[in-house]
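Scroll down for the structure; my scribbles are underneath it.
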Amino acid sequence: MKKYTPAARIWVELVALAALALTGVTHYLFGLDGGVPLAFVLLGVCAALADIYPIRPAFNNVTYRLTVTFVVAGALLLSPLHAALIPALALAPALWLRRRTPGIATIWAFNTAQTVLASLATWAWVHWTASSGLTDVRDLLALVGAIGIFTLTQALLVGVIIGLNSGRSPIKSGTFAPSALLGDVLIAGMGILIAELWLARPLLLLTIPPLLFVVHRLTRAAHLAELAETDPKTGLPNSRHFERVLDEELAHSRRVNRPLSLAFVDLDHFKRVNDQFGHEAGDQVLREVADQIRGKLRKSDVVARFGGEEFVILLPGTDTEEAVYLAEQLRAAVAGHAFVLDDGNELECTISVGIATSPEDGTDVSTLLRSADAAMYRAKQTRNTVAQVERSGHEQQRSAAARPRSPKAAPRAVAARSRFLMSAVLWGTVLGGLLLALCSVNQVIQSGGWDRVLPFVALAILAELLQVRISERRGQHLTFSLAVAVTLASVTAHTMAAPLVALSAVVVHSVRSRSAQRSRLLFNAGNLALAAGCAGWTYRLIEPSAIDFTPWHLATASLAVFVYFAVNLGAISLMVSLTSGRSISAILSESGWSLPINAFLGLTGAFIGGAHEQLGLLGTALFVVPVLLMRFTLLLYSQRSQLIIQTLETQADQLEQQTQILEHQASHDALTELPNRVLLQERLEAALGTNPREPVALLILDLDRFKEINDTFGHDHGDRVLAEFGRRLDAALRDTSTGNTQQPYTVARLGGDEFAILLQAADVDQACIVSDMLLHARQEPFIIEGCPVDVGASIGIAVGPQHGQDPVTLLRRAEVAMYVAKQQGGGYSVYSLERDRYSPERLVLIGDLRQAIESNALMLYFQPKVTATGGRVHSMEALLRWEHPRFGLIPPDLFIPLAEHTGLIKPLTRWVLNAALAQCRDWLDSGREVPVAVNASMHDLHDVHLPELIAKLLELHGVPARCLLVEITEGAIMSDAERAMGVLTRLRDLGVGVAVDDFGTGYSSMAYLGQLPVDELKIDRSFVRELSANVKHAAIVRSTIALGHDLGLTVVAEGIEDGQALDLLRRFGCDLVQGYFVSRPLPASKLGPWLNNVQWTPKGRLAA
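Going by my numbering, the residue at position 1075 of the sequence shown is 1083; the numbering climbs one at a time, nothing skipped.
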């Protein structure tokens, strides 16, 4: 129950009690009237199998469970008690399989209860409005109303609990969205089909369980295929998919003798985005860049994410000049796009693009990719441009000679050898189809059966007009049409009408497609008429003589469907083979994925036609309505989807092998063959759920400065380093035991240069031992082109359940610890709440901080800086404090980083400047000029509007610019030295002083230090605190003071805590000192008396 709010928990209990009470009342009133034990058992088994074996489309992450279909059928056929028991039986296996998941019992209880209530409401509606036979128009309307009642009841019950949990209105919870309602109506409407199937032929329900399993396996394999070739962050194809498509396009380009270009795209300075704003912001930038690239490409182009911050684009039929033009358009689009992050920060991004063209720069996949990658690095070296592959003069002449003169100059050998066979197949198909069509018209005229044929002709035309575009691939559209079902329905209803119905559908399809190729139109018309005629004659030869519908009718209809697709697909494959020179087996293999869909449509149509006489017009309508609903639902679910369905082998043994390969690809990294993030999360969830009290350690390992390897040696060598590093990690863990037993472990690659290690039954101490061992294993250098290269690593450790009880939390906190280790210069770090700027406990402070800024609830403390020799007060440093009403005094190093990452740093800086200058004005009014130093963050220093803000505030308070000093850290300056220099120069032009704070702790360049417009150098307290006890620190301080004086700067030592340190600083010639030995930070109210009544002298701490 942890995931529900108190109101949601009460709602769950009310729904469960209502379901129990309503079941008892209806059973008491109506008993077991209408209960059929066999129907109850079959529907219960089918419902449970539908829940266990869902349908997963390849083109999205939605999972369709047809459980509701059999629940609705139970409500139409069974007694109220049996109808209420079906949901409980259907969802029980899922409860058992996920019994270790926290809160699963509550979820099961609510799902069962709300389904029971919807089922009983449906049963009551049908019981009161429909007859027992379900045979007339009134019954049809009652069934349509039953579907609506079931769907709306479920939507309302689920919407209420979502609203109570999220604080939104149930109407806005998503359950009442048109697409969601249509999908639910479709699934519920199929329950009518199941009920009519039971009424027509009960034993046919036995075919449903194996059909559910087969459909589950087929859709699961397609889903895994799509998952294995899709990048989860951007939704683009990944490198595995791209290399396969590139190989196909290269082969096609060689056949037709046309050029092909490749563009390698890399985001500039992307690592800075991740380091400064976090990985979520980096992922957002990647998605927006992907959208920008997609928006500029043509329909035939293919873009994929190649890894990290790199994208690769395939440009078929494009030469180098045109590819460069497209790349420049991409650069302009990305550079002109405003990347607004979720926290309000706005970024500017640029890209570098490398161009390679086939055949000039390579004729195979690996060579062309290497050429484009090398060109991209040339582009980066020339600062964010578009670069081509460098070629010598001889290579340029050779490539010019190899370049195709015209696409029309394609090889004609295949066409010349196959022209006779192509003509024979074409005209044989056309004449055969035409002959059967004429026979069809003659038979219909003689029998006078136009009243039975014309409705099927009209339905075929309507089916072609209501096509659904499922996917788009390289300018070709994959469509879904019900014309196949109508054609095969005519086969079993009126055997000789099938060719005429097929021709009607072909004519409409040709008009809609506007194809100008006469041979293609003739072939399609003849092929479909021939296939329909063959199917009709087959059914006519073995048509059962029995009047009542029997299983033999279904068998003969299935044979007719097989003949239809055998003729249709065989003729198409033969013609494509003769045209392209490819083998028939390869073409059939690529078309195999469509067979299950078309076979299902064909069987549906054949069954409708065969059962037409027995079920009548109403029975046929009950079959057609769910199929028509499916058309509109597929339209909504398939918009904007980019579906590329992986080839599925139809043979059972090959299908199982293919599924295993796809499962491995979907759960393992293609480069290192290690488990990927998906599999790691599954194993982590299992480890946390097996024994909640047993510790589970998660280590996130990130390679330090790995981008330098890619930039220096290229991505090929970088990939080899990653693969070798993964092998070293696995080997080190395999050969190492912690304690006396071997630990179960998992080594995974999360992406880029980030790895993860899962250690089961390992606490913090054991995780630290393993981290030491892993850091030792990486010390052996990697040999790249004969050069030994050292690769550093940083490891973050999080241990569950101590640091998190679910995979998402544990992964995030291990990543937080890893970044702490990086900030410390490498090694490993254990997760600590104090270091986590994004823990839930701290994130609640965001709203309080915004309110504190707006309500002026913050305060400034001031710490004096005095001359080291005379003790004269020189200036004050303003230090921000926040006294939280609930948590007490919150240190700045906690809430200031939070403000930086949430967009509050700008209003916070304005508040500090305004308060400091107001206090400075008060001191000026009292006759005392005391300059004030204000600390500025990296975000402030990169804000080009900071000088204007300071100028306005100085004018507002009437404070001279010499009374304000801005303190900045080394790290803030060096993160973007050029921009920092521009902002600091403008501050100096105003007359505002500038100080470098915490000097000695960063990585500042001496060249920049000599050029920066600064007035003051502050030596970090870490050197001053141990000055008298540490000879090395004394040498550093003495050298820093001398350096500052040589540069003409005032030198300040902060952190003075004793007289010995002061004596040394005076001896070294330090100008100013600051620290507890002088005075603690004081509020302005207490600092006034201190200034008036207390004089600090260098010989003693305080003197009256």
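A virtual CB, placed ideally from N, CA and C, is assigned to each residue, including glycine.
Local Cβ density within 10 Å of A15, reported as buried at 16 or more and exposed below that: A15 should be labelled exposed.
Boundaries of the beta strand (DSSP E) in which P178 is found, first to last residue: Under the DSSP assignment, P178 falls outside any beta strand (DSSP E); it carries neither an H nor an E label.
Could you say which of S518, R548, E551 and A513 lies nearest to A537 if we only look at CA atoms? Closest option to A537, Cα to Cα, is A513.
Just to confirm, is the Cβ distance from A969 to L961 under 8 Å? Pairing A969 with L961 gives a Cβ-Cβ distance that is not under 8 Å.
Inter-residue Cα distance where the pair is G171 and A163: Between G171 and A163, the C-alpha separation is close to 12 Å.
When DSSP builds the beta bridges, which residues end up paired with N943? In DSSP, N943 forms a bridge with E975.
In the DSSP assignment, find the alpha helix (DSSP H) that holds Q389 and state where it starts and stops. Unbroken alpha helix (DSSP H) run through Q389: V373 to Q389.
A886 (DSSP reduced to helix, strand or coil): In this structure, A886 counts as strand in the three-state DSSP scheme.
Suppose you measure from the CA of T375 to the CA of D761; what does that come to, to the nearest Å? Whole-angstrom Cα-Cα distance: 24 Å.
If you draw a straight line from the alpha carbon of R742 to that of R735, how long is it in whole angstroms? Computed Cα separation, rounded: 10 Å.
Could you name each continuous beta strand (DSSP E) segment of 3 residues or more that falls completely within the stretch 148-222, going from the start of the chain to the end? The beta strand (DSSP E) runs of length 3 or more contained entirely in the stretch 148-222 do not exist; there are none.
In the DSSP output, which residue or residues are listed as bridge partners for I708? A764 and G804.
What number of angstroms, rounded off, separates the C-alpha of D771 from the C-alpha of A806? Linking D771 to A806 through their CA atoms gives a straight-line distance of about 9 Å.
Which listed residue (N535, W545 and A563) has its alpha carbon closest to that of M583: For the set N535, W545 and A563, the Cα lying nearest the Cα of M583 is the one of N535.
For the pair the stretch 318-327 and the stretch 340-353, tell me if three or more CB-CB distances fall below 8 Å. With the cut-off at 8 Å, the stretch 318-327 and the stretch 340-353 do not touch.
By DSSP, does D309 sit in helix, in strand, or in coil? Assigned with DSSP and collapsed to three states, D309 falls in coil, not helix or strand.
Quick check on the burial criterion: 16 or more other C-beta atoms within 10 angstroms. Buried or exposed for K1026? If you draw a 10 Å sphere on the C-beta of K1026, you find 16 or more other C-beta atoms in it, and that means buried.
For P872 and S1087, the rounded distance between their alpha carbons: About 7 Å.
Which of the three DSSP states is assigned to A678 in this structure? A678 falls in the coil class under three-state DSSP.
Same chain, Cβ closer than 6 Å to F1076, five either side skipped, listed in chain order: Correct list, in chain order: R1046 and I1049.
Please name the residue in R248, L103 and L51 whose C-alpha comes closest to that of L679. Comparing Cα positions, the closest option is R248.
Report the residue from I777, L766, H882 and S779 whose alpha carbon sits nearest the alpha carbon of G808. For the residues I777, L766, H882 and S779, the minimum Cα distance to G808 belongs to L766.
Report the CB separation of A829 from S837 in whole angstroms; it is logged as a contact under 8 Å. With a beta-carbon spacing of about 4 Å, A829 and S837 fall inside the 8 Å limit used to define contacts.
Can you tell me whether V874 is helix, strand or coil according to DSSP? In the three-state reduction of the DSSP assignment, V874 falls in the strand class.
Check whether A387 and S360 have beta carbons under 8 Å apart: Result yes, Cβ atoms of A387 and S360 sit closer than 8 Å.
Let me know the secondary structure DSSP gives E937 once reduced to three states. E937 sits in coil when the DSSP states are folded into three classes, being neither helix nor strand.
Inter-residue Cα distance where the pair is L1057 and H882: The straight-line gap separating the alpha-carbon atoms of L1057 and H882 is approximately 15 Å.
CB of L1147 within 8 Å of CB of A196, strictly: Absent from the model: residue 1147. The displayed extent of the chain is 9 to 1112, so no value can be given.
Just verifying my parser: in three-state terms, what is the DSSP assignment at R757? Strand, per DSSP.
Between which two residues does the beta strand (DSSP E) harbouring L1025 extend? First-last of the beta strand (DSSP E) with L1025: E1024 to I1027.
In the DSSP assignment, find the unbroken beta strand (DSSP E) run with T242 in it and report its ends. Unbroken run through T242: none, as it is neither H nor E.
Could you check which residue in P1091, L1090 and F1031 has the C-alpha nearest to that of L1070? Out of P1091, L1090 and F1031, F1031 has the C-alpha closest to the C-alpha of L1070.
Residue range of the beta strand (DSSP E) that G896 falls in? Segment G896 to I898, the beta strand (DSSP E) holding G896.
For the alpha helix (DSSP H) that F1085 lies in, which residues bound it at each end? It is not in any alpha helix (DSSP H) - F1085 carries neither H nor E in the DSSP assignment.
Taking the alpha carbon of T123 as the point to measure from, which residue in K180, A985, H90 and A27 has its own alpha carbon closest? Checked all of K180, A985, H90 and A27; the closest Cα to T123 is A27.
Please look up how many angstroms separate the CB atoms of M274 and E336, rounded, as I've assumed it's under 8 Å. The sequence as given places Asp at residue 274; Met does not occur at that position. Between D274 and E336 the beta-carbon gap is near 15 Å, outside 8 Å, which marks them as no contact.
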